[in-house]
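Q:
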Amino acid sequence: MSAAASEALSSQSNDATFPDLWSELEWRGLVHVSTNPDELKALLAGEPITYYCGFDPTAPSLHLGNLVQLLLMRRLQLAGHKPLGLVGGSTGLIGDPRPTAERTLNTRETVAEWVGYLEAQVSRFLSFEGDNAARLVNNLDWTAPMSAIDFLRDIGKYYRVGTMLKKDAVSARLNSDEGISYTEFSYQILQGLDFRQLYLDYGCVLQTGGSDQWGNLTSGVDLVKRAEGAAVHAIGTPLITNSDGRKFGKSEGNAIWLDSELTSPYAMYQFWLNTDDADVVDRLKVFTFLDRHEIERIEAAVAAEPFKREGQRILALTATSLVHGEDATLAAIAAADALFGQGDLRALDAATLESAIEALPTANASRDSGVSQLLVDTGLVSSLGEARRAIAQGGVYLNNAKVVDDGMLVGTNILHDRFAVLRRGKKTLAGIRLS
RNA sequence: GGCAAGUUACCCAAGCGGCCAAAGGGAUCUGACUGUAAAUCAGACUGCAUCGCAUUCGGGGGUUCGAAUCCCUCACUUGCCA
176 MSAAASEALS SQSNDATFPD LWSELEWRGL VHVSTNPDEL KALLAGEPIT YYCGFDPTAP
236 SLHLGNLVQL LLMRRLQLAG HKPLGLVGGS TGLIGDPRPT AERTLNTRET VAEWVGYLEA
296 QVSRFLSFEG DNAARLVNNL DWTAPMSAID FLRDIGKYYR VGTMLKKDAV SARLNSDEGI
356 SYTEFSYQIL QGLDFRQLYL DYGCVLQTGG SDQWGNLTSG VDLVKRAEGA AVHAIGTPLI
416 TNSDGRKFGK SEGNAIWLDS ELTSPYAMYQ FWLNTDDADV VDRLKVFTFL DRHEIERIEA
476 AVAAEPFKRE GQRILALTAT SLVHGEDATL AAIAAADALF GQGDLRALDA ATLESAIEAL
536 PTANASRDSG VSQLLVDTGL VSSLGEARRA IAQGGVYLNN AKVVDDGMLV GTNILHDRFA
596 VLRRGKKTLA GIRLS
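Quick note on this note's numbering: the first sequence kicks off at 176 and runs consecutively.
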């Protein structure tokens, strides 16, 4: 882990003004469902416990939805509890049932590769030092050696099909015309198995996850109770949605990834900055370690002077720094300050412009490159036809000047003999480098 | 294993031999208004291109001047029966 990352971790803390951790979690809106709340409250206020949260490698990176879990894990760790970060080397091979459609299976090689990426990401948000150091586990370690017979005899006997059918994700699929494969149907058993294994190996007594995973969380709670006779717990965090009900964490239909190769710090900063007024306070509670006093101050400021966007600015700075570090975030802010709006880009010096452009998707060009093609090359549009349409609609700007002719060449619109800035709409920027 | 129904663009969903690049809704994008907010209104939304052309309606094959629409076959899904 880098020095910067460990420094960031050491600066985090829970809000000591709350009587206990549970109260803070409730205030932050992190508890949507749980097993017995009174017992959990006492458990979290008492001696250190071991808890876990699992992340399945269904993509090469975690995304903002996973960040909720990572930060919840960190909050528990800050309260002295011991985190187990589980990466689903085996569950990722199966895929949890989504309510809409059957998943396409990824190859073993792909999943194994993604496990590595996810482990690195999970590690960044937890401390691996001290009495309650975090530990990474991979469920492939105990699932792979298990034979089908062992699985059916030792684990399957504890599961009632009637109960399994009632889980939301399963019943949703059964009631759709999509159906569900036996593979995905079995997923909940695998996840239950994890909780039992971690209970046995580490005395793990709590699992956290998204509320959409509630069926899988209780699967483990039930198995531990039946097989080991022990009472263990689960917390389901609310699904983060925007005030208008749309899915959170997507920009232009794409997920906001934690991997800077997939979503640049600039793009993530912009995502946070564009948070609705109605959502910004909720986001601050979930995605930052700011204390209640500070968040309430921001809430008042947002209510009084929403146009200042103070909440969004603090959220964007804080949350982006959590993921990408302060340096990258400050660079993203500098890039936005330099490039945003209607300002004259020629006023920027070459060094500022260059570092700003580094934060953006870029394409190489020559003086006779057409603007339409560059729109495609930079990923601002997906085809020449779309580029033409965007230009016809007046939505394309070269160096902040509206492009009116779709046959236009970059020509002499070059800054410092090397750069140009292409913009689609108000907010989507890309850099052009002259080769 | 038997019978029936179904598979349409990112999602839902019409179309049921030519008038279909394919209705409608959602999502998304752009413009106007704004605060890089929301709401609202307008436009766009397969690709390449000067009214044109090419490729799409689960896969493959066929009938026809012509098919998303009819036939055969394969795959998958759902329901009922066993």
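Every residue gets a Cβ at the ideal spot worked out from N, C-alpha and C, and that includes glycine. Predicted model only: the values in this text are computed from it and were never measured.
Note down, one range per segment and in chain order, each alpha helix (DSSP H) of at least 4 residues found wholly within the region 327 to 375.
A: Qualifying alpha helix (DSSP H) stretches, in chain order: 336 to 341, 343 to 349 and 357 to 360.
Q: Cα-Cα, which of P272, Q366, R521 and K341 is closest to Y357?
A: When only C-alpha atoms are compared, the closest one is P272.
Q: Would A534 and L609 be called neighbours here (beta carbons separated by less than 8 Å)?
A: No, these two residues do not count as a Cβ contact at 8 Å.
Q: Under three-state DSSP, which class holds I607?
A: Reduced to three states, the DSSP call for I607 is strand.
Q: Would the region 439 to 452 count as touching the region 480 to 487 if we require 3 or more Cβ pairs under 8 Å?
A: A contact exists between the region 439 to 452 and the region 480 to 487.
Q: Pull up the distance between the alpha-carbon of T412 and that of V312, whole angstroms please.
A: Taking the straight line from one Cα to the other gives about 22 Å.
Q: Grouping DSSP H, G and I as helix and E and B as strand, with all else coil, what is G545?
A: G545: strand per DSSP, three-state reduction.
Q: According to DSSP, is R563 helix, strand or coil?
A: Looking at R563 - three-state DSSP - the assignment turns out to be helix.
Q: If V477 and V461 are in contact, beta carbons under 8 Å, what's the gap, nearest whole angstrom?
A: Wrong, their Cβ atoms sit about 16 Å apart, outside the cutoff.
Q: Taking the DSSP output, what are the residues bridged to I410?
A: For I410, which the question treats as bridged, DSSP gives the partners S209 and T383.
Q: Suppose you measure from the CA of A510 to the CA of L340; what does that come to, to the nearest Å?
A: About 52 Å.
Q: Relative to the C-alpha of L242, which candidate in I330, A526, N575 and W432 has its C-alpha closest?
A: Answer by Cα proximity: W432.
Q: Would you call the region 387 to 401 and the region 365 to 378 in contact, with 3 or more CB pairs under 8 Å?
A: Flag = yes, the region 387 to 401 and the region 365 to 378 touch.
Q: Contact between the region 195 to 212 and the region 398 to 411 is defined here as three or more beta-carbon pairs at a separation below 8 Å; is this criterion met?
A: Touching, yes, given that three or more Cβ pairs across the two stretches are closer than 8 Å.
Q: Figure out for me which residue from I330, E359 and T553 has the closest Cα to the Cα of A620.
A: Because the chain is modelled from 176 through 610, residue 620 falls outside the range shown and cannot be assessed.
Q: Whole angstroms is fine: what's the gap from I470's alpha carbon to A494's?
A: Distance between the alpha carbons of I470 and A494: 14 Å.
Q: Put G267 into one of helix, strand or coil per three-state DSSP.
A: It is helical.
Q: Our contact map puts S557 next to H499 with C-beta atoms below 8 Å; I'd like the distance itself, whole angstroms only.
A: Their Cβ separation, rounded to whole angstroms, is 27 Å, which puts S557 and H499 out of contact at 8 Å.
Q: Of the choices R348, A513, A507 and V399, whose alpha-carbon is the least far from that of E277?
A: The residue with the shortest Cα to Cα distance from E277 is R348.
Q: Give the DSSP-derived three-state secondary structure of K602 in the structure shown.
A: Three-state result, K602: coil.
Q: The alpha helix (DSSP H) spanning V290 covers which residue range?
A: R283 to R299 is the extent of the alpha helix (DSSP H) around V290.
Q: Could you check whether S236 and L437 sit closer than 8 Å to each other, using their CB atoms as the reference points?
A: For L437 and S236, yes; Cβs fall inside 8 Å.
Q: Should S188 go down as buried or exposed, given a rule of 16 or more other Cβ atoms within 10 Å for buried?
A: Burial call: exposed.
Q: If you reduce the DSSP assignment to three classes, tell me which class A430 lands in.
A: In this structure, A430 counts as strand in the three-state DSSP scheme.
Q: Taking only the alpha-carbon atoms, compute the straight-line gap between A475 and A506 and give it to the nearest angstrom.
A: Taking the straight line from one Cα to the other gives about 29 Å.
Q: Use the C-beta contact count for V254: other C-beta atoms within 10 angstroms, 16 or more gives buried, fewer gives exposed.
A: Sequence check: residue 254 is Ala here, not Val. Label assigned to A254: buried.
Q: On the DSSP bridge assignment, give the partners of A540 in chain order.
A: DSSP, once it has assigned bridges, lists L609 as partnering A540.
Q: Any chance the region 219 to 237 sits against the region 285 to 305, with 3 or more Cβ pairs inside 8 Å?
A: At 8 Å Cβ cutoff, the stretches touch.
Q: On the criterion of 16 or more Cβ atoms from any shown chain inside 10 Å, does A562 qualify as buried, or is it exposed?
A: With 16 or more other Cβ atoms within 10 Å, it is buried.
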